[in-house]
Amino acid sequence: MLTGRNTSWASRVNELCKSPRKTLIVVGGLHFCEEGNLLQQMGRPTSLIEKKGRT
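Read left to right, the sequence shown gives residues 6 to 60 (the working numbering).
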């Protein structure tokens, strides 16, 4: 469900990012998780964040 929404939002969000106007874009955290996330759909670099426990 989110992958389809991310795909449809990606081009619009990229347009907004290129605008000289100040723009606030608010999305839920799940749009940044898993394969097909919003940043990947936008062609933005992503990296894995790993949780490290105490030793």
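Where a beta carbon is used, it is the ideal one built from N, C-alpha and C, also for glycine.
Everything numeric in this text was worked out from a predicted model, so none of it was measured.
Sorted by chain position, which residues of the same chain lie with C-beta nearer than 8 Å to residue i's C-beta, five sequence neighbours on each side aside?
i, result
"Gly52", "It should be pointed out that residue 52 corresponds to Ser in this sequence rather than to Gly. Result list for Ser52: empty, nothing under 8 Å."
"Val32", "Trp14, Leu43"
In chain order, what residues of the same chain lie with their CB nearer than 7 Å to the CB of residue i, ignoring the 5 residues before and after it?
i, result
"Ser16", "none"
"Phe37", "Leu43, Leu44"
"Leu35", "Leu7"
"Ile30", "Val18, Leu21"
Let me make sure I understand the geometry here. Which of the options has the alpha-carbon closest to that of residue i?
i, options, result
"Asn11", "Arg59, Met47, Glu55, Lys56", "Met47"
"Thr8", "Ile54, Lys57, Gly41, Glu55", "Gly41"
In terms of residue numbering, what span does the alpha helix (DSSP H) encompassing residue i cover?
i, result
"Lys20", "First, the amino acid is wrong: residue 20 is Glu here, not Lys. Taken as a continuous stretch (DSSP letters only), the alpha helix (DSSP H) holding Glu20 covers 7-23."
"Leu53", "Note, Leu53: premise wrong, no alpha helix (DSSP H); not H, not E."
"Leu44", "43-46"
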